[in-house]
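Protein chains in written order, with this note's numbering: chain A, 16 to 337; chain B, 16 to 337; chain C, 16 to 337; chain D, 16 to 337. Ideal Cβ placement from N, Cα and C applies to all residues, glycine included.
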């Protein structure tokens, strides 16, 4: 059994991680740290876990016997935590924040996108788990940069659910505002663009186009759908061949010949994409669950790879469907 | 033209009041007071009013020439405001809080439920506007107490939209939590029970039953549906006759022979109810918009009565339908 | 491994059953029958299963080697199917329709509510799986009738998600109509009342009260919340003791001292209820997922009991939470 | 008073038209034709109009005294209707279908986008009312083509509410499917592209770029948000000047310096757009209500222009806000 510990246990990504690890056949949850909720049962915060676990939050950090440590704190809090604590080398770290994602400040953390880095992840000791939008965007474009054929500007509109903004209440997460609503935010300048660009250029250094990214807030709780338009000189069959070939051994990423919809993947660690070709353009429509494949599920996928488990272990998750 | 002023202008009920008064043919909005938003355009807070008005919030109170003052502050703030300011007698007051609703502390305010008190309201100078749940519950039961035939316990389950809880973000108003969700709160002890009980007893002093009220939070933004079950010795036709007779001259309250649904009334000042009789029991299913008939629309309806306007003036509101 | 077969494979309950059985560690899905979809992949209908299975629907029925047959057809179709086919005695049957639920026409089918009939189910060969509303209502009242203390009328309002109405599009399942809406249907006369009454009387034959049941259609996809009010001479602590004692060995039914909300159970086989006592009345607020505990999850729970598996096998399901 | 008649009265656009015309101070609704619903009250189909009107549907067509005829039938039904009936010249026609929108088959119908054609509409006798997506796209781009500076490809992603697909139930309008969901349809080839292209070229004949349009189905009932990205050599202030200058006398189209959101316009005839400039690109984010400005509200706006009424007459509509 892998002994796992979680820091930042009261947030959304920790909740999703707990939902997975509690049922994971090869994991024992040693402790869940939360300063704000120490002493409470985990289900007092993640109320859907009532009846599934009697773990309590702790404010103690004890790394003895811990095999893997998940950092689920806010962006900017992971680095001070890692630098401020004497974490034994025997503890693998998976950080769900953006603190170690970029090459110029990775400090030995491997970028944990299995579809791009599977073999490196297998032997990694520290993982920077990708961003949710970044996961959807990269998975949409990897087959193209892998073949060195991405060119021109890429136009991406992607819509995220409300859980993407975390659990702290705000004006734009208020039900009265968000229900039946839609809006744009951080157009052209979303922070995930940097990690996307780094991955694309690591595959295809000569890519010179812009990634024009318009993020939107949707009237749903979970999930991201990205509509990605780029130049493509080929037929739809050539597109299918390129994408299916690239993802043929993927555990969770699939190419659909039917149109996709967001709820195909909600609650699961899957990524499904469909393709359309028209007049020299390729549309990739890609759906993931932002909390699962976009965060905590991918973290467990990385853990499985690091600990030589089957990649889908504990990740055969019932979809919500509706 | 009636010169109207609003205090507490940045909240939900003030927003709804503005949406109505801006288009009201007999009203001029003199000023909208808000300490927190003074100097801003009204549409910077109530963003849906962009393009409809260029009024700004003010932090000045000037009662010269004001005909009617709407108090849209939080519960408990109206009484100190009224007592702390020298409001001229020429200014009629309509208070949307609960501060003056109860007989033992009404201080001359008339309870503003037109279906119960229409003639008194016409000559009133100060109005305590009813609560939203209270409106739905009383309209469901008025024909029975008016005939003196309410008996036994009354069982009411009523579900409210998220706007019923105000605009301050909270855990239970977070979109991630509330979307597709349902929950009970304040069972048996909702604060609106007192005003309901007072009205029922003013019509039928010998009513001795309990009002068993289970309020619920629904996954919608606007509206209240109340399902009210009580004893009834009669046929469905007798029930229709009783209710239709009572409401035959109502401007906004209607009895439907078809099943009702919440969105029949959303966005409007209407109240629609349907009736079913079975085995000595009567079910009244009643729908209103909590912000309109349950708050600001009813406030305008009261203003229309007080100022001898047609009761529906400025309240012919396009329903949202979907 | 248990060899399972499904008839009526294209409907909602079959979809949910497949979502569970595909990941069930002790089940092999031998075939999934559907006249309308024969030849198609299962994921062409249940699109969220894309990437999880490559089973195709069949229009052939072959009972050789089948251990358990799930009937997921419409109400009224199961009995003709059973009577019209020569199903070997070696095949256990779990019927999700209402065809065999009532005592006067059960024909040897055992009513499959484990909290009421666990030991009988263990040795049963044919199971009539309970209705979704019926499950929520019975679980709310079982501790009372088990102690013989249910008395007076019981008032129940319960709200169901859109999946409760099946997948056939209709006016009241149209998104434009149902989103942000709420309505009552089949008040006083829902068909599940009969199975509820039979169970209650089997525990407490002298119960003489009425079950006054008001079903509602909610603006959510999955789940049922029932608010059940009944007489109770006791304190809240006595209520907790009674309920917790009754459910202390239940695998999926839990008593919460905190208020419950619907999404605590969505996606899972759990039933969670909270209790409130006031003035001689007990409110039981009970939440289940109508497709899981209210249908297919309970069917698998029954299968687990019949085949001597751990009751939670394959039913440790990640909640949706949001 | 203008005597108005409606054909195709049972559909979504007719319902919205009735919601407006019933309260329009200068309109008398002479009759509402519906073959399917003849004899029923209008509120039996458009249930939210209960209490607002007692008009019944008719299956008779009598053009005597009619000033304006609204055609609210399905696409492809208007032309046969017009050609098959002897409609007097004294009857103005406003067609909400796409039958007369294109230049090569307009047969004297004027394209009814007031922001493009206001003066022509004033003297028109027959109007082809624009499509909903087409309205949002054109309003986003008119100031650019008006100045002759649209160049390069335009990338548009626009998301529509469920009412955009009409009231006939279908798989993708089923609440269970659509709630909390998102999907792409008709990418690159939506039928509204043709009318958009014609308008753009009528202003700027030398425009040679492509309109790359990705339509999406959102989890909301009403509204369209379009995110439009195009080349722009200028500052944000120059963009504001261009757009505000173009729309300065518009009755319903407004440029916001704050980010827009869909519910700012839901229930109203307004169009609000925000602008962002980055690195040679301009993002126009545009919101309308698909049933109102995108259909029936714009039809009434056209009627107001044709009959020399104030453009906003009867269109001062309370927004839904939430």
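Closer than 7 Å by beta-carbon distance: list the chain D residues that pair up with residue i, in chain order.
i                      : result
residue 240 of chain A : 197
residue 191 of chain A : 337
residue 251 of chain A : Within 7 Å Cβ-Cβ: nothing; residue 251 of chain A doesn't reach chain D, min ~12 Å.
residue 178 of chain A : Correct list: empty, because the minimum Cβ distance to chain D is about 11 Å.
Which whole-angstrom value is the C-beta distance of residue i and residue j, which I expect to be below 8 Å?
i                      : j                      : result
residue 320 of chain A : residue 129 of chain A : 6 Å
residue 56 of chain D  : residue 181 of chain D : About 22 Å; that fails the 8 Å criterion.
residue 7 of chain D   : residue 23 of chain D  : Nothing in the structure corresponds to residue 7 of chain D, since chain D is present only between 16 and 337.
residue 189 of chain A : residue 95 of chain B  : Wrong, their Cβ atoms sit about 28 Å apart, outside the cutoff.
Measuring only the C-alpha atoms, how far is residue i from residue j?
i                      : j                      : result
residue 220 of chain C : residue 243 of chain C : 20 Å
residue 252 of chain C : residue 68 of chain A  : 24 Å
residue 294 of chain B : residue 16 of chain C  : 52 Å
residue 261 of chain B : residue 311 of chain A : 59 Å
residue 318 of chain A : residue 98 of chain A  : 22 Å
residue 222 of chain C : residue 215 of chain B : 33 Å
residue 240 of chain A : residue 234 of chain A : 12 Å
residue 227 of chain B : residue 272 of chain B : 26 Å
residue 59 of chain D  : residue 203 of chain C : 24 Å
residue 117 of chain D : residue 209 of chain D : 7 Å
residue 41 of chain D  : residue 134 of chain B : 32 Å
residue 206 of chain A : residue 91 of chain A  : 13 Å
residue 61 of chain A  : residue 285 of chain A : 23 Å
residue 50 of chain C  : residue 77 of chain C  : 14 Å
residue 269 of chain C : residue 73 of chain D  : 57 Å
residue 38 of chain C  : residue 64 of chain C  : 11 Å
residue 282 of chain A : residue 291 of chain B : 41 Å
residue 127 of chain B : residue 159 of chain B : 20 Å
residue 263 of chain C : residue 104 of chain C : 35 Å
So, for residue i: in the same chain, excluding its five sequence neighbours on each side, which residues have a beta-carbon less than 7 Å away from its beta-carbon?
i                     : result
residue 81 of chain C : 18, 20, 45 and 106
Which residues of chain B have a Cβ atom closer than 8 Å to the Cβ of residue i, listed in chain order?
i                      : result
residue 184 of chain A : 184, 185, 186, 188 and 189
Using a cut-off of 8 Å between C-beta atoms, extract the partners of residue i located in chain C.
i                      : result
residue 175 of chain A : Ordered by position in chain C, no residue passes the 8 Å Cβ test against residue 175 of chain A, which lies about 13 Å from the chain.
Can you name the residues of chain D whose CB is closer than 8 Å to the CB of residue i?
i                      : result
residue 200 of chain A : 274
residue 236 of chain C : 190, 191, 194 and 195
Near residue i, what residues of its chain come up, given a Cβ to Cβ distance below 6 Å and the 5 sequence neighbours on each side ignored?
i                      : result
residue 322 of chain B : 17
residue 266 of chain A : 326 and 327
residue 31 of chain B  : 306 and 311
residue 140 of chain C : 107
For residue i, collect the residues of the same chain with a Cβ closer than 8 Å to its Cβ; drop the 5 residues on either side in sequence, then sort them by chain order.
i                      : result
residue 231 of chain B : 172, 173, 174, 175, 197, 198, 199 and 200
residue 169 of chain A : 156, 224, 225, 226, 227, 243, 244 and 245
residue 178 of chain A : 27, 236, 237, 305 and 306
residue 83 of chain A  : 17, 18, 19, 20, 106, 107, 108, 109, 318, 321 and 322
Find the residues of chain D that neighbour residue i, judging by a C-beta separation of less than 9 Å, and give them in chain order.
i                      : result
residue 291 of chain A : 199, 202 and 203
List, in order along the chain, the chain A residues whose C-beta lies closer than 8 Å to that of residue i?
i                      : result
residue 227 of chain D : 170, 244 and 296
If the cut is a Cβ gap below 7 Å, which residues of chain B does residue i touch?
i                      : result
residue 14 of chain C  : Any property of residue 14 of chain C remains undetermined from this structure, which presents chain C solely from 16 to 337.
residue 300 of chain C : 199
Please list, in chain order, the chain A residues whose beta carbon lies closer than 9 Å to that of residue i.
i                      : result
residue 61 of chain C  : 334 and 336
residue 277 of chain D : 195, 196, 197, 198 and 234
So residue i contacts chain C; which residues on that side make the cut at Cβ distance below 9 Å?
i                     : result
residue 38 of chain A : 331, 332 and 333
Review point. What are the start and end residues of each continuous beta strand (DSSP E) run of 3 or more residues lying completely inside the region 110 to 156 of chain D, in chain order?
Key: 141 to 143
Practice item. Please list the segments of the alpha helix (DSSP H) lying wholly inside the region 215 to 270 of chain A, counting only runs of 4 or more residues, in order along the chain. Key: 251 to 261
Check your understanding: Which ranges would you report for the beta strand (DSSP E) in the region 57 to 110 of chain D if only whole runs of at least 3 residues count?
Key -> 83 to 86 and 107 to 110
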